[in-house]
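Input: a single structure, listed below in structure tokens.
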Amino acid sequence: MKAKVISLKTEYQVTTEQAEKLLRLQREILEQVALGVDYRTILNALCYAAEQLVSDSLASIMIYDESHSFLTVLAAPSIPSEAIEALNGLIPSENAGSCGTAVHSNEPQYVTDTRTDCRWCDLQGFVENFSIGACWSCPIKIEKDTAMGSFALSSFEKRTPSAFYKQLLETSAHIIGIILKREQEEQSLWQLAHRDVLTGLENRSSFNKTLARALDFAYTQNTQLAVLVLDLDGFKDVNDTQGHDVGDKVLQWVAEQVQQVLGETDSFARLGGDEFVILIEELVKPFVVDQLIEEILMLFKQKIKVASHQFSLSTSIGVSFFPDDGQTAEKLLRNADTAMYAAKKSGRNCAKIYHEDLTNLVEHRVNLVAEMRAALVNQDFIVHYQPQFCTKSQKLLGVEALVRWQHFDKGLISPQTFISIAEQSGLIKEIGLWVFITACQQCKKWWDEGVADFSLAINLSVKQLDSESIQQMQEVLMGMNFPLHNLELEVTESLVMHSESLHELKKLEAMGIRISMDDFGTGYSSLAQLKHLPISKLKIDRSFIKDLTENESDRILIKTIIALGHSLGLKIVAEGVETIEQQDFLAAQGCDLIQGYLRSRPVPPEQLAELFVHL
Ligand code: C2E
Ligand code: CA
Ligand code: CA
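Listed below in structure tokens is the structure:
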């Protein structure tokens, strides 16, 4: 009656006693599966159990490696290793011995005499070397129609299998199929839980475990380890301009390339986005890390080719060491991250090793952001105005609004100290909007009081060129009925290169607002590109003005900018004019406007109002 439970095939006539033996074997093996015993151990146990039931036999399990299309021995605890070696690599065909033929035909192959059976004719060397007499093999199936391996019993004697033996073979192959399928599923579940789907690297949660284990080991063995955090430079641009598909391919490229320069024992994971991490264990010589960094930076010197695109990308790397820079996984990662940010700050495409000063820097930065938030609420920001004068008529034609921070403790803080941090933290949007409102209100008030028109220039950060910020600005302007032709927005070259920003800039231009290109000459845009941009003014960067009296090439450059700018119909402003010589040279070249300490520093509104008296 129990035979029914195990659903034995009825074509074999086995005795109740034999059926019970099979049932016991099946139960014992499945029990181990349920207990979570490692599958290799279970497969070995199954081989032993089968050998017990068939005297003088040797059991073997082969698995079909689909990617290589050959068979390898997965378990054969009683077979000598030389024989296993000889069997590995067997390619399934209609005469590839019992196992190769069973997998090929997906049918059991009961070879009773290996010396005469044509299925073994190509393997006579093996037959001689290992004195195989008979070999019965049954395919292991995971899906119904495909064999993924074989289970075989061999003997030194010629031998015909009894119905019971055939039943044993088929039952065993069936159980092995279940075990392997389970294993496969667990593997893919494991993969899902531990692998990054895009790159196939370890994911963050898995890496955390790897690092924790590595730290345990390093503690007990007193060894060093290094954590390297890699963050791609400008990856967001790739994603924004080339699309996410290309972005994904770039990440895969990075994963592949970096993997190639890593040692076998190094761990490599993708933490998310464009951030990767490398763990080097048992670090004996720190220069290994230097070498690795060198190799990684070299990798990025090649052009990345993805689909039909080709571009350059670089990476910034931060490194921390155990035990010097941290004893816990969290601290090591945080410090490597801090070092990576320092690398970004110092111009990207480089590596920085963590040191304590960096943490102080970060703390300073965090405090500053919190203080800036408070300053917005407390109205501690103020706007100064620096006039721009016409080179010919000497008249005040415009002002540039420049923000300052009236700090309760540190006094007046220059925007150079806080603008970039405000940009990184996103707070620039709020600060920028506040400056925008304040400056517009102030100038509108002057004009309403009868002061002659002049233009108001306001600096915009790249972060403010999104549709939300633009809309807020539009509302402010409409709300106060601001004369749009008096407004000028100063943007930098890098900003104009962004396609989204360009789109927003064009909207502003369409409203009648003028755009001027700030710090011209320091970025990447060429005069030729300016033609396609919605700008009406160029501000020659201060650095060119500074040395013009001594520096011939600066003079030539300034001349060229002015001439070409004019040919494009642009007005030219020189900023940072501090001396009469500079002013005279610029006037001689036909520069339209002059801004600088020579004529006036940026001043508070009350002080600027005094200048109007002389208009
Ligand atoms: P910028 O837009 O290039 O502004 C001109 C800077 O040059 C100002 O520095 C001004 O004080 C300084 N300057 C003017 N004439 C001279 C001169 O003759 N000699 C020298 N050595 N310097 C001169 P400031 O006010 O410290 O502003 C620095 C930068 O901060 C600005 O450079 C601008 O990029 C940014 N910034 C200022 N206010 C804002 C703002 O409201 N929003 C944004 N996004 N950025 C701002
Ligand atoms: Ca400016
Ligand atoms: Ca400037």
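In terms of numbering that gives the first Met the number 0, the sequence shown opens at residue 0 and continues consecutively.
Ideal Cβ positions, reconstructed from N, Cα and C, are used throughout, including at glycine.
What are the boundary residues of the beta strand (DSSP E) that includes R269?
-> S266 to G271
Less than 8 Å between the CB atoms is what I'm expecting for I420 and L367, so what's the real figure, rounded?
-> 5 Å
Once you ignore the five residues that flank R347 on each side, which residues in its own chain have a CB closer than 7 Å to its CB?
-> These residues qualify, in order along the chain: D232, S313 and S315.
Could you have a look at F481 and say whether DSSP puts it in helix, strand or coil?
-> coil
With E422 and K462 assumed to form a contact (beta carbons below 8 Å), what rounded beta-carbon distance in angstroms separates them?
-> Contact flag correct, Cβ pair sits at about 6 Å.
Sort out for me which residues DSSP pairs C389 with in a bridge.
-> L592
If we ignore side chains and look at the alpha-carbon of each, how far apart do T548 and Y596 end up?
-> 17 Å
With a CB to CB cut of under 7 Å and the five nearest residues on each side skipped, what residues in its chain are close to Y38?
-> Excluding residues up to 5 positions away in sequence, I178 and E182 lie with their Cβ nearer than 7 Å to the Cβ of Y38 in the same chain.
Could you give the DSSP three-state label for H363: helix, strand or coil?
-> helix
Does the Cβ of D540 lie closer than 7 Å to at least one heavy atom of ligand 2?
-> no
Could you pull out every unbroken beta strand (DSSP E) segment of at least 3 residues lying fully inside the segment 39–113, listed in chain order?
-> With a minimum length of 3 residues, the continuous beta strand (DSSP E) runs that stay inside the segment 39–113 are 57–64, 69–74 and 108–110.
Straight-line Cα distance separating H502 from L70 | Looking at the two C-alpha atoms, the distance is approximately 60 Å.
Note down the Cα distance separating T145 from E294, rounded to an integer number of angstroms.
-> 45 Å
Excluding five sequence neighbours on each side, which residues of the same chain lie with their C-beta closer than 6 Å to the C-beta of Q441?
-> Result list for Q441: P604, in chain order.
Cβ shell of C134 (< 7 Å), same chain only, five flanking positions each side left out | Non-local C-beta neighbours of C134 in its own chain, meaning closer than 7 Å and more than five positions away in sequence, comprise G96, S97, V110, T113, A151 and S153, ordered along the chain.
Residue of T222, E81 and P533 minimising C-alpha distance to G621 = As shown, the chain starts at 0 and ends at 614. That puts residue 621 outside it, with no answer to give.
3 or more residues per run - each beta strand (DSSP E) lying fully within the segment 333–382 = 350–352
Please work out which residues of its chain come closer than 8 Å, Cβ to Cβ, to K8, disregarding the five sequence neighbours upstream and downstream, and give them in chain order.
-> Its pLDDT being 48, under 50, K8 is placed unreliably in this model, and the value from its coordinates should be taken loosely. Q166 and E169.
Kindly examine ligand 1 and report whether one of its heavy atoms sits closer than 7 Å to the Cβ of L623.
-> No statement about residue 623 is possible, as the shown extent of the chain runs from 0 to 614 and does not include it.
So what does R194 bridge to, in DSSP terms?
-> Paired residue(s): E201.
Please confirm whether any heavy atom of ligand 1 lies closer than 7 Å to the CB of I418.
-> yes
Does at least one heavy atom of ligand 2 sit under 7 Å from the Cβ of D591?
-> no
Sequence-distant residues of the same chain with beta carbon closer than 6 Å to N128, five excluded per side | none
Secondary structure, beta strand (DSSP E): runs of 3+ residues fully inside the segment 545–611 | Runs found: 570–574 and 592–594.
Taking Cβ to Cβ, would you say P138 is nearer than 8 Å to N105?
-> Yes, they are a contact pair.
N-terminal and C-terminal residue of the beta strand (DSSP E) that K304 is part of | I303 to V305
Under a three-way DSSP split, which group does I5 fall into?
-> Unreliable positioning characterises I5 in this predicted model, as indicated by a pLDDT of 40, which lies under 50. The coordinate reading is nonetheless provided below. Here I5 sits in coil by DSSP.
Backbone CA spacing between Q259 and W252 [nearest angstrom] = One C-alpha to the other measures close to 11 Å.
Would you kindly work out how many angstroms separate the C-alpha atoms of N207 and A328, rounded to a whole number?
-> 7 Å
Report back the beta-carbon spacing between A58 and E50 to the nearest angstrom; my notes put them in contact at under 8 Å.
-> Your pair A58 and E50 checks out as a contact, with CB atoms roughly 5 Å apart and the cut at 8 Å.
On a CA-only basis, which of G425, W404, K409 and S424 is nearest Q415? Give me that one, please.
-> W404
Is it right to say C439 is buried, meaning 16 or more other beta carbons lie within 10 angstroms of its own, or is it exposed?
-> Buried, because 16 or more other Cβ atoms sit within 10 Å of the Cβ of C439.
List the whole-angstrom C-beta distance separating I560 from L537, where the pair is believed to meet the contact cut-off of C-beta under 8 Å.
-> Contact between I560 and L537 holds, since their C-beta atoms are separated by about 7 Å, short of 8 Å.
Might you give, ordered along the chain, the residues of its own chain that have their beta carbon closer than 7 Å to the beta carbon of I469, omitting 5 neighbours on each side?
-> E503, K506 and L507
Hey, would you say the C-beta of G431 is under 7 Å away from at least one heavy atom of ligand 1?
-> G431 Cβ: within cutoff of ligand 1.
Collapsed DSSP secondary structure at H406 in the structure displayed = strand
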